[in-house]
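Q: Have a look at the structure that comes next, please.
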Amino acid sequence: MKPKIILAIIILLSIAFQDACCPYLAISGIIPNIPLILAVFAALLKGEKYGIVCGCIVGLLMDLNAGKYLGLNMLSLMLVALVVARTMTGLYRANYIIPLSATAIGSLVYYISFLLLSNLIGTGVAFWENLVSFSLAATLYNTFIALLLYVIIYIIFEKIMKRNIFD
Amino acid sequence: MPNKVSYGRIFLIAAAIIIVLVIAALTNPSRSDITVVEKLTQDIMAPVKSVITFVYDKIRSLPLYLGDINKTIDENEALKREILGLRQEMDKYEAAYKEGIRLRALLGIADDMTEWIPVAAKIIGRDGSSWYSTVTIRGGEDKGFEKNMPVINADGLVGRIQSVSQYTSEILLLTDYGGAMGALIQTSRTPGVIESVDSRNVVLQLIHIPADVDIELGQVIVTSGLGGVFPMGLRIGYISEVSTVDGGLMQQAYVKPFVDFNRLEEVMVLTHIPAIEEDVLDEEETVMPTTESPLPPSDE
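In order, the protein sequences belong to chains X and S. Letter by letter, the first sequence follows residues 194 to 360 of the working numbering. Letter by letter, the second sequence follows residues -4 to 295 of the working numbering.
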C-alpha cells in the first residue's frame, strides 16, 4: 500500500478514535490526545517538513470535524511539529526517553498555544484555569499513552512507510 | 536547514497565521450554519466513528453482560410490570391533555406555542479535544434536525443542536461554557441564568438571583422558555449549594444536573411540528401526537 494512503488511514482512525473512545478513557475529565501524539511522532521520526504537513492535515481535520474555530488545532499542531523536530532532531530515537520527552514537550506546546490562540480570538475557554488544572495533567497522560503507542507508530513509520511521502 | 530567514518569508508566515486566525474567529459556533467542507468531513467521519464506537461498546459491555445476565432477567420482569402500570397512567394523562386542548380553544387563548416530537438518536462520538463539551449523534438533515433544536434524555435536558450535516448533528451540551440559558426554580418560579462553571467536572450554576429569594437545597431547576430555543419546564438539575455574591445583593446556586453527561448513549431531539390549528381541534381524536409529551413528570 502506498505511504500516502497508509498515512491517510492512520490520521482518519486517530481522529475517529479520539472522538469515539478517548472520552471513555478520561481520568478526572482529562482526555488523552491521540492525534497530537501522532503529529509529535511524525515530526520525531520523519523530520520537520513531514511533521509540519502531518500536523497541518491532522489539525485541519480535527477542526473540520469539530465544526468550529477552523485553524486553531491546525496552527497549534504545526507549531508542535516544528518545535519537536527542532529540539529532537539528531537524537537517538530508539531510546524510549526521547519519544516520551518529545510527547511531553509537544503536549505542553500544544496546550499553551491552543489556549493562547483561542483567547486571542475570544472562544471563551478559560486560559489560566485550563493551563494550571488541565494542561499539566493532560501532558502527563499523553506521555503515558505515548509509551504504549510508540512501538506501533515506530513500526508503521519506519518499517512499513520506509519511503518518505515527499521523496 | 538554512539559517538565513528572509523578511519576506517571515511576512508571509505572519500573514498566513493572521488569515487563519481570522477564519477561526469567523467560524465560531454562533454562525448560522457550518460550511460544506465541515459537513462533508463530519459525514465522512460518521461511519468510521460508528464502527469504532460499536466495537468499543461491545468490548466494554462484554464483562457486564456475562456477569449481570440473571440480574437483567429479573429487571426485565420488573420493567414489564412497570410498563403495564405506566400505560394506565398514560391513559389518564391523555384524557387530561385532550381536555387542556379543548379548554384552551374554548377560552380562545392565542396559541403560538410549538409542539415537539421527540426523535431518538444514538451518540456516535464525543468531542475528544477536551476544550468543548459536545457530542456527535447519528442523524442530521436526513432526520429533519435543525440547528438549536433542544436535546433531552429520560433524566432531563442534555443541550441543543449546534450544527447539522447530512447524516450527523453536533450537540452542544449543557456543560459547555457556551451553553448558558434562561432557567427558573420550579417551585418559586424565580428566574435566573444557568451556565457551566466547570465542564470537565460537570458543575453548573444558577446566577442573577435576588438576595431576598428563599432558596432551598434540592429545589428543581427547569428551563424558563425565554429565548425561544427551549420549551418551558424541561428539567435541568437540582440545587446543591447556595452562596451570596456582589456584596450580598445577589445569590448564586450550584446546580447538579439530572443527566449523567459521562454516560450518555442515546438522546431525544425535540423536532418541531406545526401548532395545532383550530379546525383540527374538531377532530380531536386524531390530533393527539403519536409520541408522549417530551416533558418528564415533575418531582414536585
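No residue lacks a Cβ here, since even glycine has one placed at the ideal position from N, Cα and C.
(1) Using three-state DSSP, classify X:M281 as helix, strand or coil.
(2) Between S:I189, S:Q214, S:N65, which lies nearest to S:G222 when the distance is taken from Cα to Cα?
(3) Comparing the C-beta of X:L324 with each C-beta of chain S, is any distance below 9 angstroms?
(4) Within the present structure, is the beta-carbon of S:A90 separated from the nearest heavy atom of the ligand ZN by less than 8 angstroms?
(5) Look at S:S124 and X:A297 and say whether their C-beta atoms are less than 9 angstroms apart.
(6) For X:L254, go through chain S and note every residue whose CB falls closer than 9 angstroms to its CB, in chain order.
(7) What is the rounded straight-line gap between the Cα of S:W111 and the Cα of S:Y92?
(8) Does any residue of chain X have a CB that is nearer than 9 angstroms to the CB of S:L290?
(9) If you follow the beta strand (DSSP E) that S:P145 is in, where does it begin and where does it stop?
(10) Within the 9 angstroms Cβ cut-off, does X:M281 reach chain S?
(11) In whole angstroms, what separates the C-alpha of S:T30 from that of S:K251?
(12) Work out the CA separation of X:K261 and S:A175 for me, nearest whole Å.
(13) Who are the Cβ neighbours of X:P225 in its own chain at under 7 angstroms, not counting the five residues just before and after it?
(14) Among S:D69, S:V217, S:Q157, which residue has its Cα nearest to the Cα of S:L168?
(15) Using CA coordinates, which residue listed in X:A213, X:S221, X:S311, X:A319 is at the minimum distance from X:I227?
(16) Starting from the C-beta of S:V240, find all residues in its chain whose C-beta is less than 6 angstroms away, skip the five residues before and the five after it, and write them out in chain order.
(17) Between the C-alpha atoms of X:M271 and X:G248, what's the straight-line distance to the nearest angstrom?
(18) On the three-state DSSP scale, how would you describe X:I346?
(19) Pick helix, strand or coil for X:P393, following the three-state DSSP scheme.
(20) With X:V160 and X:L308 assumed to form a contact (beta carbons below 8 angstroms), what rounded beta-carbon distance in angstroms separates them?
(21) Nearest-angstrom Cα distance between S:G173 and X:A232?
(22) Please list the segments of the alpha helix (DSSP H) lying wholly inside the stretch -1 to 80 of chain S, counting only runs of 4 or more residues, in order along the chain.
(23) Give the interface partners of S:G123 over in chain X, defined as CB-CB distance under 7 angstroms, in chain order.
(24) How far does the beta strand (DSSP E) with S:T129 in it reach, from first residue to last?
(25) Provide the residue span of the alpha helix (DSSP H) that contains X:V302, from first to last.
(26) Run the CB neighbour count on X:I348, radius 10 Å, all protein chains shown included, and call it buried at 16 or more, exposed below.
(27) Looking at the strands, I want to know which residues DSSP matches up with S:D193.
(28) Look at the alpha carbon of X:M267 and the alpha carbon of S:G243, and state the distance between them as a whole number of angstroms.
(29) Grab me the residues of X:S295's own chain with a C-beta within less than 6 angstroms of its C-beta, minus the 5 sequence neighbours each way, in chain order.
(30) Please classify S:D122 as buried or exposed, where buried requires at least 16 other C-beta atoms within 10 Å of its C-beta.
(31) Since X:R330 meets chain S, which of its residues come closer than 8 angstroms, beta carbon to beta carbon?
(32) With a threshold of 8 angstroms on Cβ separation, who are the neighbours of S:Q161 within its own chain once the five nearest residues in sequence on each side are excluded?
(33) Name the residue from X:G252, X:S300, X:S311 whose alpha carbon lies nearest to the alpha carbon of X:A331.
(34) Using the rule of at least 16 other Cβ atoms within 10 Å of the residue's Cβ for burial, across every protein chain shown, is S:S45 buried or exposed?
(35) Once DSSP output is grouped into helix, strand and coil, what is the label at S:W126?
(36) In terms of residues, what are the limits of the beta strand (DSSP E) holding S:Q157?
A: Checking against the coordinates, here is how it stands:
(1) As a first step, residue 281 of chain X is located in the first sequence; it is residue number 88 there, counting from the start. If DSSP states are grouped into helix, strand and coil, X:M281 belongs with the helices.
(2) Position 227 of the second sequence holds residue 222 of chain S. Looking from the CA of S:G222, the closest CA among S:I189, S:Q214, S:N65 belongs to S:I189.
(3) In the first sequence, the residue the question calls residue 324 of chain X occupies position 131. No, X:L324 lies away from the interface with chain S (no Cβ there is under 9 angstroms from its Cβ).
(4) Inclusion of the ligand ZN in the displayed structure is not the case, the ligand content being empty and no account of it being possible.
(5) Within the second sequence, the letter at position 129 stands for residue 124 of chain S. Within the first sequence, the letter at position 104 stands for residue 297 of chain X. Not in contact: S:S124 and X:A297 (Cβ atoms no closer than 9 angstroms).
(6) Within the first sequence, numbered from 1, the residue matching residue 254 of chain X stands at position 61. What X:L254 touches in chain S: T36, M40.
(7) The residue you call residue 111 of chain S lines up with position 116 of the second sequence. The residue you call residue 92 of chain S lines up with position 97 of the second sequence. The straight-line gap separating the alpha-carbon atoms of S:W111 and S:Y92 is approximately 14 angstroms.
(8) Counting from 1 along the second sequence, the entry for residue 290 of chain S is found at position 295. Any reading at S:L290 needs caution, since the residue's pLDDT is 44, under 50, leaving its predicted position unreliable; the model's value is listed next. By this cut-off, S:L290 is not an interface position.
(9) Numbered from 1 along the second sequence, position 150 holds the residue referred to as residue 145 of chain S. 145 to 148 is the span of the beta strand (DSSP E), which, as asked, contains S:P145.
(10) In the first sequence, the residue the question calls residue 281 of chain X occupies position 88. It does not: the Cβ of X:M281 has no partner Cβ on chain S nearer than 9 angstroms.
(11) Reading the second sequence from its first residue, position 35 is the one you call residue 30 of chain S. Reading the second sequence from its first residue, position 256 is the one you call residue 251 of chain S. Just so you know, the alpha carbons of S:T30 and S:K251 end up roughly 35 angstroms apart.
(12) Here residue 175 of chain S is taken as the residue at index 180 of the second sequence, counted from 1. Here residue 261 of chain X is taken as the residue at index 68 of the first sequence, counted from 1. Cα-Cα distance, rounded: 18 angstroms.
(13) Counted from its first residue, the first sequence places residue 225 of chain X at position 32. Excluding residues up to 5 positions away in sequence, C215, L218, Y334, N335, I338 lie with their Cβ nearer than 7 angstroms to the Cβ of X:P225 in the same chain.
(14) Here residue 168 of chain S is taken as the residue at index 173 of the second sequence, counted from 1. Closest by C-alpha distance to S:L168, out of S:D69, S:V217, S:Q157, is S:Q157.
(15) Along the first sequence, one-based indexing puts residue 227 of chain X at 34. Nearest C-alpha to X:I227 among X:A213, X:S221, X:S311, X:A319: X:A213.
(16) For the purposes of this step, residue 240 of chain S is taken as residue 245 along the second sequence, with counting starting at 1. For S:V240, where only same-chain residues beyond five positions count, the Cβ hits under 6 angstroms are Q247.
(17) Within the first sequence, numbered from 1, the residue matching residue 271 of chain X stands at position 78. Within the first sequence, numbered from 1, the residue matching residue 248 of chain X stands at position 55. Computed Cα separation, rounded: 5 angstroms.
(18) Position 153 of the first sequence holds residue 346 of chain X. The answer is helix: DSSP assigns X:I346 an H, G or I state.
(19) Because chain X is modelled from 194 through 360, residue 393 of chain X falls outside the range shown and cannot be assessed.
(20) Only positions 194 to 360 of chain X appear in the structure, and residue 160 of chain X is not among them; the question remains open.
(21) Taking the first residue of the second sequence as position 1, residue 173 of chain S is located at position 178. Taking the first residue of the first sequence as position 1, residue 232 of chain X is located at position 39. Their Cα atoms are separated by approximately 29 angstroms.
(22) Those alpha helix (DSSP H) runs which fall completely within the stretch -1 to 80 of chain S and span 4+ residues are 2 to 21, 31 to 62.
(23) The residue given as residue 123 of chain S occupies position 128 in the second sequence. Q211, D212, C215, P216, I224, listed in chain order.
(24) Numbered from its first residue, the second sequence carries residue 129 of chain S at position 134. 129 to 133 is the extent of the beta strand (DSSP E) around S:T129.
(25) In the first sequence, the residue the question calls residue 302 of chain X occupies position 109. Where X:V302 is concerned, the enclosing alpha helix (DSSP H) stretches over 290 to 313.
(26) Your numbering for residue 348 of chain X matches position 155 in the first sequence. Result: exposed.
(27) Sequence index remark: in the second sequence, residue 193 of chain S carries index 198 (1-based). Paired residues: S:V198.
(28) To locate residue 267 of chain X, count along the first sequence from 1; it is residue 74. To locate residue 243 of chain S, count along the second sequence from 1; it is residue 248. Near 46 angstroms, if we compare the C-alpha coordinates of S:G243 and X:M267.
(29) Counted from its first residue, the first sequence places residue 295 of chain X at position 102. Reading the sequence as shown, one finds Ala at residue 295 of chain X and not Ser. Around X:A295: V233, L237, V277, M281.
(30) As a first step, residue 122 of chain S is located in the second sequence; it is residue number 127 there, counting from the start. Counting Cβ neighbours within 10 Å, S:D122 comes out buried, since at least 16 surround it.
(31) Position 137 of the first sequence, counting from 1, holds the residue named residue 330 of chain X. Sequence inspection shows Ala at residue 330 of chain X; the Arg mentioned does not correspond to that position. Correct list: empty, because the minimum Cβ distance to chain S is about 10 angstroms.
(32) Position 166 of the second sequence, counted from the start, is the residue given in the question as residue 161 of chain S. So the qualifying residues of the chain are K34, D38, G135, E136, D137.
(33) Residue mapping note: residue 331 of chain X aligns to position 138 of the first sequence, counting from 1. Nearest C-alpha to X:A331: X:S300.
(34) For the purposes of this step, residue 45 of chain S is taken as the residue at position 50 of the second sequence. When all chains shown are included, S:S45 counts as buried.
(35) The residue you call residue 126 of chain S lines up with position 131 of the second sequence. For S:W126, the secondary structure class from DSSP, reduced to helix, strand or coil, is coil.
(36) Counting from 1 along the second sequence, the entry for residue 157 of chain S is found at position 162. Taken as a continuous stretch (DSSP letters only), the beta strand (DSSP E) holding S:Q157 covers 151 to 159.
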